[in-house]
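Undergrad: Here the sequence shown is numbered in our numbering, starting from 924 and rising by one per residue.
From the three backbone atoms N, C-alpha and C, an ideal C-beta is built for every residue, glycine too.
Just so we're clear, the structure is a prediction, and the values are computed from it rather than from any experiment.
Here you go, one structure.
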Amino acid sequence: ARISMDLTKITLPTFILERRSFLEMLADFLAHPDEFVNVTDYQTPRDRFVQVVKWYLSAFHAGRKSPVPKKPYNPILGETFQCLYDIGSSSSSNTTIAKDGPVPWASDDNVTFIAEQTSHHPPIASFYAECPAKRIQIDGCLWTKSKFLGLSVAVHMIGDATLTLLDHDERYVMTFPSAYGRSILGVPWFEMGGKITIDCEKTGYSANIEFLTKVCLVF
């Protein structure tokens, strides 16, 4: 492969592929569903925005658990993935079934998630998650652009997501950092890099966050 070559143009060996789809990997963004639903518990716009940022940053924890970075499989057009998170927020045994949600058998106090591969060229994945009991939802569209950098692989996340608080009519638009697989010919490791933004137009609050990569010095 040539430097800066788009990795979607070549066939990768299976040993560097993770045994799951990119759609399932997107569900990692809700790996801490308690932080997600807790956004609605705060009374002021400032506190809600801080909690959104806290949840956003916690979402990358799941992706760093694997000691060896691997690339998920590319979904086929029309492929879907759905799941639910039982956060145990309700003490009642008479919870309502959210029949119209992403997961028809889930209760309205669950966090439910669905993702679908909606385009092949470019390979766009669309996703949606909600917790009806908390009146919170998020939707977005993402696609990745991978580049070979010699001893590293860069994966740029293109697109954004919008988190909506229905009771407050607040929408938080967020972008995503790039991912880097380093030392791919030795002992590989993983890091995030790049600048992202989180903006709420209604309240005027915004955050500009930079994920700093490690500086490699060559002597």
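Give the range of the beta strand (DSSP E) segment to which Y1095 is assigned.
TA: Your numbering for residue 1095 matches position 172 in the sequence shown. 1093-1097 is the extent of the beta strand (DSSP E) around Y1095.
Undergrad: If we ignore side chains and look at the alpha-carbon of each, how far apart do S1069 and F952 end up?
TA: What you label residue 1069 is simply residue 146 of the sequence shown in a count that begins at 1. What you label residue 952 is simply residue 29 of the sequence shown in a count that begins at 1. C-alpha separation (whole angstroms): 20 Å.
Undergrad: By how many angstroms is the C-alpha of T1019 removed from the C-alpha of S1030?
TA: Here the question's residue 1030 lines up with position 107 in the sequence shown. Here the question's residue 1019 lines up with position 96 in the sequence shown. When rounded, the distance between both Cα atoms is 5 Å.
Undergrad: Considering only C-alpha positions, which residue in the set L949, R942, Y1095, I1081 is nearest to V968?
TA: To locate residue 968, count along the sequence shown from 1; it is residue 45. It should be pointed out that residue 968 corresponds to Pro in this sequence rather than to Val. P968 has its Cα closest to that of Y1095, out of L949, R942, Y1095, I1081.
Undergrad: Examine the ligand SAM and report whether any of its heavy atoms sits within less than 7 Å of the Cβ of L1088.
TA: Within the structure as shown, the ligand SAM is missing, as the structure has no ligands at all.
Undergrad: For Q1040 and L949, what's the separation of their Cα atoms in angstroms?
TA: Translated into positions along the sequence shown, residue 1040 becomes position 117. Translated into positions along the sequence shown, residue 949 becomes position 26. Taking the straight line from one Cα to the other gives about 11 Å.
Undergrad: Measuring CA to CA, which of D1023, L1089, V973, P1111 is closest to N1131?
TA: In the sequence shown, counting from the first residue as 1, residue 1131 sits at position 208. Selected option, being the one with the closest Cα: V973.
Undergrad: Can you give me the Cβ contacts of H955 inside the same chain, cut-off strictly under 6 Å, excluding the 5 residues immediately before and after it?
TA: Numbered from 1 along the sequence shown, position 32 holds the residue referred to as residue 955. Correct list, in chain order: S981.
Undergrad: Going by DSSP, name the residue or residues bridged to I1119.
TA: Walking along the sequence shown from the start, residue 1119 turns up at place 196. I1132.
Undergrad: Please work out which residues of its chain come closer than 6 Å, Cβ to Cβ, to C1054, disregarding the five sequence neighbours upstream and downstream, and give them in chain order.
TA: The residue given as residue 1054 occupies position 131 in the sequence shown. Correct list, in chain order: V960, V1034.
Undergrad: Given a threshold of 16 other Cβ atoms within 10 Å of its Cβ, counted over all protein chains shown, does S1129 qualify as buried or as exposed?
TA: Looking up residue 1129 in the sequence shown gives position 206. Exposed, by the Cβ-count rule.
Undergrad: Report the partner residues of Q1005 according to the DSSP bridge assignment.
TA: Position 82 of the sequence shown, counted from the start, is the residue given in the question as residue 1005. Looking at the DSSP assignment, Q1005 forms a beta bridge with I1037.
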